[in-house]
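Numbers 11 to 70, taken from the working numbering, label the letters of the sequence shown in order.
All residues carry an ideal CB built from backbone N, CA and C; glycine is no exception.
This one's a predicted model, so the numbers in the text were calculated from it and none came from an experiment.
Single-structure report; data block below.
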Amino acid sequence: MGSPTFIQVQSSPHIETTRELFLEYQRAIGIDLCFQNFSAEVANLPGEYASPAGRLYLCL
Numbered sequence: 011m012g013s014p015t016f017i018q019v020q021s022s023p024h025i026e027t028t029r030e031l032f033l034e035y036q037r038a039i040g041i042d043l044c045f046q047n048f049s050a051e052v053a054n055l056p057g058e059y060a061s062p063a064g065r066l067y068l069c070l
């Protein structure tokens, strides 16, 4: 296995992958994250994580 590759999330395929990972995380912890406005955050990715103020990366 090679070295991991870090990709800044900016385009549709990476946004969808990130969305799936966030939702999988929510299911895994078994806690309703509505108090954090999680649904809106996931629906609006990259949202606050977008450049220039934020960053969102996937490690592949």
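With fewer than 16 neighbouring CB atoms inside 10 Å of its own CB, residue 14 falls in the exposed class. In this structure, the alpha-carbon of residue 32 lies about 14 Å from that of residue 69. As the crow flies, the alpha-carbon of residue 64 is around 15 Å from that of residue 28. In this structure, residue 55 sits near residue 66, with a CB-CB distance shorter than 9 Å.
Residue 36 sits in a helix when the DSSP states are folded into three classes.
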